[in-house]
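First to last, the sequence lines map onto chains A and B. Numbering of the first sequence is given in the working numbering, commencing with residue 5 and proceeding in unit increments. Numbering of the second sequence is given in the working numbering, commencing with residue 5 and proceeding in unit increments. Even glycine gets a Cβ: it sits at the ideal position worked out from N, Cα and C. No experiment lies behind these values; they were computed from the predicted model shown.
Protein chains: 2
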Amino acid sequence: VDDPDAVEFALCWDQPMGVLERFPNLKCISSLGAGVEHLLSDHTRPEEVPLVRVVDEHLKQGMAEYVMHGVLEHFRRFDDYRSQAKLSQWKYLKIPHIEVSGIGIMGFGEIGRFVAYRLADFGFNVSGWSRGPKPADQVRHFFGSDKFNDFLNCTDILVCLLPLTPETENILDTRTFNQMPKGAFLINVGRGAHLVEDDLVKALDSGHLSGALLDVFREEPLPEDHPFWSHEKITVTPHIASVTNAATASIQIIENYRRATDGRPLIHQVDVGRGY
Amino acid sequence: VDDPDAVEFALCWDQPMGVLERFPNLKCISSLGAGVEHLLSDHTRPEEVPLVRVVDEHLKQGMAEYVMHGVLEHFRRFDDYRSQAKLSQWKYLKIPHIEVSGIGIMGFGEIGRFVAYRLADFGFNVSGWSRGPKPADQVRHFFGSDKFNDFLNCTDILVCLLPLTPETENILDTRTFNQMPKGAFLINVGRGAHLVEDDLVKALDSGHLSGALLDVFREEPLPEDHPFWSHEKITVTPHIASVTNAATASIQIIENYRRATDGRPLIHQVDVGRGY
Chain A
5 VDDPDAVEFA
15 LCWDQPMGVL
25 ERFPNLKCIS
35 SLGAGVEHLL
45 SDHTRPEEVP
55 LVRVVDEHLK
65 QGMAEYVMHG
75 VLEHFRRFDD
85 YRSQAKLSQW
95 KYLKIPHIEV
105 SGIGIMGFGE
115 IGRFVAYRLA
125 DFGFNVSGWS
135 RGPKPADQVR
145 HFFGSDKFND
155 FLNCTDILVC
165 LLPLTPETEN
175 ILDTRTFNQM
185 PKGAFLINVG
195 RGAHLVEDDL
205 VKALDSGHLS
215 GALLDVFREE
225 PLPEDHPFWS
235 HEKITVTPHI
245 ASVTNAATAS
255 IQIIENYRRA
265 TDGRPLIHQV
275 DVGRGY
Chain B
5 VDDPDAVEFA
15 LCWDQPMGVL
25 ERFPNLKCIS
35 SLGAGVEHLL
45 SDHTRPEEVP
55 LVRVVDEHLK
65 QGMAEYVMHG
75 VLEHFRRFDD
85 YRSQAKLSQW
95 KYLKIPHIEV
105 SGIGIMGFGE
115 IGRFVAYRLA
125 DFGFNVSGWS
135 RGPKPADQVR
145 HFFGSDKFND
155 FLNCTDILVC
165 LLPLTPETEN
175 ILDTRTFNQM
185 PKGAFLINVG
195 RGAHLVEDDL
205 VKALDSGHLS
215 GALLDVFREE
225 PLPEDHPFWS
235 HEKITVTPHI
245 ASVTNAATAS
255 IQIIENYRRA
265 TDGRPLIHQV
275 DVGRGY
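Put into structure tokens, the structure is as follows:
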């Protein structure tokens, strides 16, 4: 950038810490994705400049696909059938009815609600949990920390779709796992820092949790020698659950650029105090 | 059976050939499942006795789950991600948009239509094909043998849910595969006899088809030494896509028993000439 004074709009993903204070005339800072923790954690960020994020239908759809597959993979025991097939073993395995198995979605914002409704439409027994009240006409919804245990008690498959904030960091820990029924399964598509890795390994090794599907990690790419790669109850995917679609996201980014330079109200603005 | 004359209702699955002619006073023969090919192929079956089958919501739902998982598994390349994970490989793989990939459902009866609508509701681009016209408000529908190639031409993932009749036996053959785009994928949840096994292996080995998920086979259990078990592009499951649910199916079987003994019209009666 030759002339930092001329920059009015910053579009960021994992930007170098401190870079934003170099631009004195910013009117808007936009995340390239749905998450904004990389912006909120940069304490040199000019506080008076509004933050926006991308709310993309394609991103929601991709997430619903990943979670639907992960839920069916576990619920219908396709992992066990694959192991049997390696031994040429023809054996029927019992499964519960779809209405019996409880799917719990943590995080009930734009993405969480979309995923919850898609699973419920398909026949699953879905509950959602979030910090505050939310519209939830199609599924059971719990909110607030005092309802967290009630939510976990009826959750056989837990899907983390929370934003990363100081309050949600490390939320997937032994205390949380212990509230879920024995044999429960974890899908983390939030952020790596939601999960206390050692607590997960302990819960899997003790048999309390039956398995985990993880798409996000504290360090990405996940280091080659990380034990998650080879743990037999953990499935690792390389942060592919859903990616921002350039064709659809660019439309709302351009819209916010126009609104910011015209001084009009922005869309998908982040509540900095709340963290999302 | 001590007194064959006293038997008025026969409930059958893979009955010994010829057994039905031993009961002179049958008023109804019911299949235990959705298929009736085991009854139609028994030429000693008393022709004047009406045939009925089970049309079970749980059976449809189970099939939708299996097909949804199989479609997502292939479409989202989870098989490739599993191979990468074995090598601790962190690499994003490109996939098409969900609207671009064409899902073709062969067989558009009770089950086929249910599965097609569930996939369409979820966002997939779904077409159906059947012998005759059918109600199809939510997806594109082709019918008749002269539209079969048009249907196949736009099918990237083919799902066979046909009933087994003399007309549909061996329908999954080289001619059919060649009409599908290169790289297409096959899911057979119909019957084993729909598939010409050697033609599938040829299409996979030439690279024209990219893979197959098979739940039904000419011989079940699939013999331990059958090459499908170990073919790297074939996934075998042991006829578990969907099973008749006793709790729900028994209600309609009892209903037909009452109707048959009272001489009232039956439900889910089979058109013997059509074969389903």
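Beta carbon of residue i nearer than 8 Å to that of residue j
| i | j | result |
| --- | --- | --- |
| Pro185(A) | Asp160(A) | yes |
| Glu114(B) | Lys64(B) | yes |
| Val193(A) | Met67(A) | yes |
| His42(A) | Gln19(A) | yes |
| Gly116(A) | Leu217(A) | no |
| Tyr1(A) | Phe13(A) | Residue 1(A) lies beyond the range of chain A shown here (5 to 280); nothing can be said about it. |
| Leu176(B) | Cys164(B) | yes |
| His36(A) | Cys16(A) | In the sequence as presented, His is not what sits at residue 36(A); that position holds Leu. Taking 8 Å as the Cβ cut-off, Leu36(A) and Cys16(A) qualify as a contacting pair. |
| Trp94(B) | Leu226(A) | yes |
| Ser210(A) | Glu228(B) | no |
| Asp125(A) | Asp125(B) | yes |
| Phe287(B) | His212(B) | Residue 287(B) lies beyond the range of chain B shown here (5 to 280); nothing can be said about it. |
Residue i: first and last residue of the uninterrupted alpha helix (DSSP H) it sits in
| i | result |
| --- | --- |
| Ser254(A) | 250-266 |
| Asn182(A) | 178-183 |
| Ala216(B) | Counting along the chain, Ala216(B) falls outside any alpha helix (DSSP H), though it belongs to the beta strand (DSSP E) covering 213-218. |
| Gly277(B) | Note, Gly277(B): premise wrong, no alpha helix (DSSP H); not H, not E. |
| Ala10(B) | Unbroken run through Ala10(B): none, as it is neither H nor E. |
| Phe118(B) | 114-126 |
| Leu208(B) | 201-209 |
| Leu44(A) | 41-44 |
Within-8 Å CB hit, residue i to chain B
| i | result |
| --- | --- |
| Lys95(A) | yes |
| Trp17(A) | no |
| Ile244(A) | yes |
| Ala89(A) | yes |
| Ile107(A) | no |
| Leu76(A) | yes |
| Met72(A) | yes |
| Tyr85(A) | yes |
| Phe82(A) | yes |
| Val240(A) | yes |
| Glu69(A) | yes |
Close beta carbons around residue i, own chain, < 6 Å, minus the five adjacent residues each side
| i | result |
| --- | --- |
| Gly187(A) | Ser214 |
| Ala245(A) | Met67, Tyr70, Val193, Asp219 |
| Phe27(B) | Pro8, Val11 |
| Glu103(B) | Asn129 |
| Phe112(A) | Gly132, Ser134, Lys138 |
| Gly22(B) | Thr48 |
| Lys237(A) | Leu208, Gly215 |
| Arg122(B) | Ala68 |
| Phe221(A) | Gly196 |
Boundaries (first-last residue) of the beta strand (DSSP E) holding residue i
| i | result |
| --- | --- |
| Ser134(B) | 129-134 |
| Val163(B) | 161-164 |
| Ser87(A) | Segment 82-90 is the alpha helix (DSSP H) holding Ser87(A); no beta strand (DSSP E) there. |
| His198(B) | Neither: His198(B) is in no beta strand (DSSP E) and is coded neither H nor E. |
| Phe146(A) | 144-147 |
C-beta neighbour in chain A for residue i, strict 8 Å
| i | result |
| --- | --- |
| Ile161(B) | no |
| Trp133(B) | no |
| Pro231(B) | no |
| Arg122(B) | yes |
| Leu226(B) | yes |
| Ile102(B) | yes |
| Asp60(B) | no |
| Gln65(B) | yes |
| Thr178(B) | no |
| Phe126(B) | yes |
| Glu12(B) | no |
| Ser92(B) | yes |
Contact set for residue i: own chain, Cβ-Cβ below 7 Å, skip 5 residues either direction
| i | result |
| --- | --- |
| Thr172(A) | Leu166, His198 |
| His78(B) | Ile161, Phe189, Gly215 |
| Thr248(B) | Leu36, Gly37, Val58, Asp60, Leu63 |
Residues near residue i in its chain [Cβ-Cβ closer than 8 Å; skip 5 each side]
| i | result |
| --- | --- |
| His235(B) | Val205, Leu208 |
| Thr178(B) | Val200, Asp203, Lys206, Ala207 |
| His272(A) | Val56, Arg57, Val58, Val59, Gln256, Asn260 |
| Asp154(A) | Phe146 |
Answer yes if the segment 55-64 of chain B comes into contact with the segment 73-91 of chain B, meaning at least three C-beta pairs across the two stretches below 8 Å, and no otherwise.
Short answer: they don't touch.
Taking contact to mean 3 or more Cβ pairs, one atom from each stretch, closer than 8 Å, check whether the segment 27-41 of chain A and the segment 232-245 of chain A are in contact.
Contact between the segment 27-41 of chain A and the segment 232-245 of chain A is absent, with fewer than three C-beta pairs closer than 8 Å.
Three or more beta-carbon pairs under 8 Å between the segment 195-207 of chain A and the segment 253-262 of chain A, yes or no?
Short answer: they don't touch.
Does the segment 100-107 of chain A come into contact with the segment 117-136 of chain A, if we say contact requires no fewer than three beta-carbon pairs (one atom in each stretch) closer than 8 Å?
The segment 100-107 of chain A, when compared against the segment 117-136 of chain A, does touch it at the 8 Å Cβ threshold.
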